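In UniProt numbering, the protein residues as written are 1 to 99.
Ideal Cβ placement from N, Cα and C applies to all residues, glycine included.
Everything numeric in this text was worked out from a predicted model, so none of it was measured.
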């Protein structure tokens, strides 16, 4: 159902000088994630005015599909590396479409 679709915006603020290391960690996830069950869209974006900001924009069929994705072992390993690369905790917001 359309109202089950989950939209996610995850903002990652890299520490100064860690921008490329963060991208090298995220880039290999993009194509495989797009092939996961329930993934409708997965984009990695760089902020034009602040190169330390990397934003992931995702669209999932269901909350369960998203949660399965987040629990994958290789993703958990990525999350464990965030402490060294991020200036602050990720800002992750889950949305549902209204119109």
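Asked, Found
"I'd like the list of long-range same chain contacts for residue 69, defined as Cβ closer than 6 Å, with 5 residues on each side in sequence excluded.", "36"
"Give the DSSP bridge partners of residue 60, in chain order.", "6, 39"
"Residue 5 and residue 60: beta carbons closer than 8 Å?", "yes"
"Taking the alpha helix (DSSP H) that residue 34 falls in, what are its first and last residues?", "19-34"
"Below 6 Å CB to CB, which residues in the same chain sit around residue 63 once its five sequence neighbours on both sides are set aside?", "6"
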